Each structure stands twice: as structure tokens, then as C-alpha cells.
Amino acid sequence: MTFPDATDTVQELLTRSYEDWLAAAAKLSFETRLFIDGAFIRATSGETYQSTSPRDGSVLAQVQSAGADDVDRAVRAARTAFDDGRWRDLPPKERKRILLRWAELILAHAEELALLDTLEMGKPITESVRIDVAKAAETIAWYAEAIDKTYDEIAPTPGDALALITREPLGVVGAVVPWNYALLIASWKLAPALATGNSVVLKPAEQTSLAALLLARLATEAGVPDGVLNVVPGRGEIAGQALGRHPDVDKIAFTGSAEVARLFQVYAGESNGKQVAVEAGGKSPQLVLPDADITAAASAVAWGIFYNAGQTCNAGSRVVVHASVKEQLLAEVERITTQTFRVGDPLDPATVMGPIVDEAQLAKVLGYIADGQREGATVVLGGGRTRTDSGGSFVQPTVLDGVANTSVVGQEEIFGPVLAVITYEGETDEGIRIANESAFGLVASVWTRDITTAHRTANRLRAGTVWINTFDASDVITPFGGFKATGAGRDKSLHALDAYTALKTTWINLA
Ligand code: NAD
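Residue numbering for the sequence shown is 13 to 523, as defined by my numbering.
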């Protein structure tokens with residue numbers, strides 16, 4: 013059994029031309045029904061919602077929209093599968109074999125999965141291949157490999173007793189995910205939940221349902237038994253809420269906005285007190301000290317906010333820069349952005365920045381740019397809609413200078429390619445104070461050549477990940493999640509196995 017390596021698949025797909033991708037997109041067929049108990053079925057109500065592509069505004073599909081009764085059916089299927097042990101009682105080696113096969117099948121269907129992601133969400137096709145598909149497969153394979161290498165514990169009892177401390181799966185997990193990294197974030201929940209023997213009901217975001225349905229079909233093909241993984245596309249306030257309030261769901265694993273994260277905590281409190289792990293948004297600072305390598309920092313600042321058109325929970329959306337180096341930094345950011353961030357059709361491999369996910373989100377982003385100007389900030393790059401002839405939802409990479417950290421654009425998550433530039437003039441302490449002055453605490457970075465300052469600053473930045481002289485370096489091996497309003501959950505790493513298991517003590521009398 014080997015860890016599937018995505019390199020060859022990725023390399024082959026990265027050689028494809030724009031014409032190749034357009035031709036493949038034209039031939040694409042996909043499933044739009046709910047996936048419950050191993051079968052695709054229509055929503056009981058027959059209701060659908062429309063999936064629209066932000067690349068050109070075209071209608072992709074009418075997706076079956078799960079109601080509360082469909083969610084209940086999915087939860088019952090998951091419960092039955094959990095209770096009869098068809099999955100959790102398999103030898104760990106067997107679960108590993110099946111999950112590795114699933115990871116292989118994901119790579120084998122990388123073209124379709126990447127296309128679905130790009131067409132629905134607008135992410136450049138190269139990124140859908142490299143990140144969403146390849147990293148989702150890697151995540152599943154990584155947790156598969158972990159299953160038969162993790163041990164339980166024996167407590168230090170007196171000699172007349174033996175106490176075993178074992179980890180047991182929780183039961184039925186509801187996974188509710190956003191649209192910005194639809195496959196990858198789903199894999200962060202599904203892989204550790206399934207590896208530890210749980211059953212799952214996955215609720216994808218309305219904007220990105222299609223790849224999740226293919227993912228579920230591939231799981232079944234790989235040998236995941238019926239009922240163990242169910243997918244209920246549907247509206248958040250209907251299907252998401254029904255899952256959050258369901259009395260037979262043991263845990264909700266949520267990633268999305270801070271507002272909806274809190275709703276899930278309410279749903280849990282008002283139903284069965286189920287566990288809720290939430291990973292919400294951010295307003296993450298990159299703190300640039302006067303002695304920083306400005307060229308390196310500028311590149312990280314540009315990529316940190318414009319990558320995925322800023323629709324990244326850990327986007328470096330605030331740069332907190334010392335006044336003495338601000339002009340130099342901004343000039344570099346502008347140069348790199350203008351040279352690199354080619355806005356275009358996400359099916360074109362030359363495109364670096366695709367559209368915003370939909371018109372509603374685009375209007376929100378443009379509204380924030382206007383707010384910033386009203387509050388006294390200056391647009392020094394971009395600032396408006398672009399590629400209007402395409403019919404798609406494109407916005408220019410935008411830099412707002414002179415932002416007050418306490419203003420709306422200094423505090424609220426814009427979730428678009430809009431950088432807020434905040435200047436400080438005093439000592440590093442002032443920069444740290446401003447960086448920490450946020451309701452969120454997902455990630456932060458510090459740029460300095462002084463190792464002592466770097467460590468001291470990293471220690472004081474209130475964020476789940478702090479980068480020193482880099483940004484967005486990550487791997488499945490390290491935990492990901494945040495402090496404060498960002499939430500308390502952590503995805504990735506072996507620690508995520510704890511999030512889907514409960515400790516059980518078995519005390520044996522040896523006297
Ligand atoms: P969202 O909160 O609107 O939606 C997330 C999910 O919740 C979707 O599946 C949606 O259908 C569902 N939902 C929406 N309203 C609901 C309701 N009333 N009841 C139950 N479920 C409901 O977020 P989004 O717009 O899809 O994603 C963007 C947000 O996700 C941003 O805030 C971003 O920062 C955050 N995010 C966080 C991380 C992280 O790891 N911390 C990663 C990616 C995205």
C-alpha cells in the first residue's frame with residue numbers, strides 16, 4: 013500500500029493548454045442529486061437551486077436542494093452504518109486500504125474534479141489541480157496511512173488493576189464547508205473523521221456542490237460502505253440548519269463565516285448539545301518591521317492577499333508596515349501585482365487571478381472598497397470591476413492605503429482581493445498592538461532580519477499560525493485554525509484525529 017503521489021498527475025494536467033481545458037469543459041457531465049446511503053436520489057421536495065459560473069455568468073446546473081427530511085434520511089443512513097459497525101469495525105489496515113484507493117481515484121479523476129471546482133467557483137484551473145484536487149488526495153492518503161500507526165494508552169495504575177485509555181469514533185459527524193477551497197476543506201474534515209471510523213453527512217456550500225458529489229461517488233467506488241459518507245447539497249439556512257439541529261448528529265465540523273459559526277453553536281445548544289468545532293474567518297496581519305527584506309515581504313504581501321482573488325480565510329488582508337519602509341514596500345507590491353496577477357478566464361492556464369465567486373460577493377467587495385474611500389483611505393491600485401464583457405464577476409487587485417486599523421476595512425473580513433495598508437511609526441510594540449487589534453486570530457506573519465525580534469514578536473501575535481519571513485507555508489502535518497472569533501477547531505495534523513474521537517477508560521480488576 014503506497015501513499016499516492018500527485019506529482020505525475022499534476023505535471024500532466026499543468027501541460028494542458030487553454031483550448032484543451034475549454035474542450036474538456038464542453039464535454040463535462042456531472043451529477044446534481046443528493047448522495048444518501050450509497051445512491052444518488054432527488055430531493056423529496058423536488059426543489060433545486062441554480063449553480064452559476066462566475067467566469068461568464070452561465071448556468072451550469074440545477075442542483076437538487078436537500079430539505080430537513082432529506083437531511084434526516086442521510087443522518088439515519090449514517091447512524092445505521094455506524095451502529096452496525098460496517099465501517100468502524102473493519103481492521104484499521106482495511107480502512108487504510110480503502111481510503112488510499114479513494115485518494116488514488118481522486119487523482120485519476122483530477123481533470124473532472126478540477127474542472128468542476130473551477131467552473132463553479134472560478135479558481136484558476138492550475139490552482140484547482142495543484143491545490144484543491146492534489147492536496148485533497150494527499151490529505152486523505154495521509155490520514156489513511158496514520159490509521160494503523162496510532163496506538164492507545166495504558167494508565168499508570170497500581171499492579172492490581174489495568175486501565176486502558178482508548179479512542180473511539182464519535183458516531184455521526186456533520187461536516188459543513190465553504191466554497192473557497194471546496195474539496196480541500198472537505199478533505200480536512202472527511203479524512204480524519206472517516207479514518208477514525210465515524211460516519212459523515214457532508215453539506216457543501218451552495219456555490220460548490222458538484223465536486224463534492226463526485227467525491228462521494230469515488231469513495232463508494234473505492235469501497236467505503238453505503239451510508240458511511242453522505243452528501244446533502246442544499247441551502248445553508250435549510251439543510252445546514254437541519255444538520256446543525258439534528259438530535260442524532262454527534263458532532264458538527266464547520267468551516268465558514270464567523271456569523272454562521274455562531275449559529276451552529278446555537279443549534280447545538282438548542283438541540284442535543286452536540287460537539288461543534290468551528291473554523292471561521294480572519295483579518296490576518298503581515299507585520300513588516302523596518303529591517304525586513306522588503307522584496308521578499310512585498311512578494312508575500314501580494315500573494316497573501318491576491319491569491320485565490322483574496323477568497324482565502326488566511327488571506328493577509330492587513331499589512332501593518334513601519335512608516336520608514338512603507339513607500340518602498342508599496343512600490344514593490346504594485347510592481348509584482350501588475351506583472352504577475354493577470355486577471356482572466358480561470359480555464360486559461362495563464363490566468364493567475366480568476367473571478368469572485370458570485371455577483372453577491374462581488375457587490376460586497378466593491379461595497380467595502382467604497383467604504384474604505386469614505387473612511388479616508390486612498391485607492392492606490394485597482395479599485396473597480398473588470399472584464400465586464402466576459403459576463404463574469406471580476407474585480408481588480410486593489411490596494412487601499414491610509415487605512416485606520418479601527419475602521420470597517422481595517423476590521424471586517426472583505427473576502428476579496430483588497431489589501432488594507434496600515435502604517436505605524438513607533439517601536440515594534442506598536443506594530444504588534446495593531447496586528448493584534450482584531451476580533452479574529454487565524455494567522456499572522458512578521459518580517460524582520462533580527463532573530464530575537466522575530467521570536468519575541470511571534471510569541472506575542474495572537475494567531476493559530478505565525479509565519480516568520482514567509483507567508484502561507486503549510487502542509488497537512490501542521491494544525492490549522494485560529495484564536496478568538498476565528499474559532500476553536502483545528503484541522504490537519506495528527507491532532508485532528510483527537511477531534512473525531514472520544515477517550516474511553518476501561519478499568520480491569522486484576523486483584
Ligand atoms: P458561510 O458561513 O456563508 O457558509 C459556510 C457553510 O455554511 C455553507 O455550506 C453554507 O451553506 C452554510 N450555511 C450558511 N448559512 C447557514 C445557516 N444559516 N445555517 C446553517 N448553515 C449555513 O461561509 P462561505 O461564504 O461559504 O465561506 C467564506 C467564509 O469561510 C469566510 O468567512 C472565510 O474566512 C471562512 N473560511 C474559513 C476557513 C478556516 O479554516 N478558518 C477556511 C475557509 C473559509
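For glycine and all other residues, C-beta sits at the position ideal for the given N, C-alpha and C.
These numbers were taken from a predicted model, which means no experiment stands behind them.
Nearest-angstrom Cα distance between residue i and residue j?
i: I444; j: L299; result: 8 Å
i: G428; j: D164; result: 44 Å
i: T400; j: V407; result: 9 Å
i: I520; j: T513; result: 22 Å
i: E24; j: R330; result: 36 Å
i: P136; j: Q287; result: 35 Å
i: T435; j: V332; result: 6 Å
i: R28; j: G256; result: 42 Å
i: S336; j: E442; result: 14 Å
i: A456; j: D81; result: 42 Å
i: E344; j: A309; result: 9 Å
i: A382; j: C325; result: 22 Å
i: E218; j: D305; result: 42 Å
i: A203; j: I110; result: 12 Å
i: A156; j: K295; result: 33 Å
i: Y61; j: F318; result: 30 Å
i: A51; j: R45; result: 9 Å
i: A475; j: A38; result: 43 Å
Is the closest heavy atom of ligand 1 to the C-beta of residue i under 8 Å?
i: D81; result: no
i: T64; result: no
i: D503; result: yes
i: N210; result: no
i: I317; result: no
i: R468; result: no
i: F47; result: no
i: I143; result: no
i: P302; result: no
i: A78; result: no
i: R247; result: yes
i: A273; result: yes
i: W114; result: no
i: E424; result: no
i: W191; result: yes
i: L454; result: yes
i: S531; result: Past the edges of the chain, shown from 13 to 523, lies residue 531, and the structure says nothing about it.
i: Q574; result: Past the edges of the chain, shown from 13 to 523, lies residue 574, and the structure says nothing about it.
i: K135; result: no
i: F492; result: yes
i: G294; result: yes
i: V188; result: yes
i: F483; result: no
Answer with buried or exposed for residue i, where buried requires no fewer than 16 other C-beta atoms within 10 angstroms of its C-beta.
i: P409; result: buried
i: V364; result: buried
i: E139; result: buried
i: D461; result: Sequence check: residue 461 is Arg here, not Asp. With fewer than 16 other Cβ atoms within 10 Å, it is exposed.
i: T517; result: exposed
i: K338; result: buried
i: V278; result: exposed
i: L26; result: exposed
i: N242; result: buried
i: A375; result: exposed
i: E291; result: buried
i: R54; result: exposed
i: L515; result: exposed
i: I197; result: buried
i: D357; result: buried
i: R354; result: exposed
i: E123; result: buried
i: I463; result: exposed
i: V377; result: buried
i: A132; result: As written in the sequence, residue 132 is Glu, which differs from the Ala given in the question. By the 10 Å Cβ count, E132 comes out buried.
Quick one: give me the first and last residue of the beta strand (DSSP E) that residue i is part of.
i: Y436; result: 430-436
i: I48; result: 46-48
i: H507; result: Taken as a continuous stretch (DSSP letters only), H507 belongs to no beta strand (DSSP E), being part of the alpha helix (DSSP H) at 507-511.
i: Q74; result: 71-76
i: W459; result: 455-459
i: R142; result: R142 -> no beta strand (DSSP E), and no H or E assigned at all.
i: Q287; result: 287-291
Check for me: the alpha helix (DSSP H) holding residue i runs from which residue to which?
i: D129; result: 122-133
i: D95; result: 80-95
i: I264; result: First-last for I264: 263-267, but that is the beta strand (DSSP E), not the alpha helix (DSSP H).
i: H467; result: 463-472
i: Y61; result: Careful: Y61 lies outside any alpha helix (DSSP H), inside the beta strand (DSSP E) at 60-64.
i: A156; result: 146-159
Can you find a C-beta in chain C that's less than 9 Å from the C-beta of residue i?
i: I264; result: This model lacks chain C altogether; it includes just one protein chain.
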